[in-house]
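At position 18 of the sequence shown the residue is numbered 5 (my numbering), and the sequence of numbers has no breaks. Everything below concerns the one structure shown next.
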Amino acid sequence: TYTGLGIVKRLIRAGKGRGLIVVPGSDVYNEWAASAPNLGIELHQLESTEDVGRGVSITTYANLANNLHLADREYDWVVFDEAHSLMSSAPAEVTSS
């Protein structure tokens, strides 16, 4: 989480403040939300599948999959946390998400 936040902070300092952080679920979201203020980063959680956020926004993979409005906002960058887990299952088969 702190490695990702360090990268986010560098991007913000470079003038790239429109970002989206995508996490697997509430546990990881809570880690990001608790850690971000320690680096002076304000996160805005997407409230629904119609919310596109502002500044540095954070949401879950479930919201990302169902939020068609996200394509209407320009982002400078997107961070996919735990992306290595997206296509893994116990028997190493492709998952549906």
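Backbone N, C-alpha and C define an ideal beta-carbon position, used for all residues, glycine too.
- Fully contained in the segment -9 to 32 are the following beta strand (DSSP E) runs of length 3 or more, in chain order: 6 to 10, 30 to 32.
- Take the alpha-carbon of Asp14 and the one of Asp68: they are about 12 Å apart.
- Distance from the CA of Ile45 to the CA of Asn54, rounded to the nearest whole angstrom, comes to 13 Å.
- Taking every protein chain shown into account, the CB of Gly40 has 16 or more other CB atoms within 10 angstroms, so this residue is buried.
- Tyr16 and Ala1 have their C-alpha atoms some 24 Å from each other.
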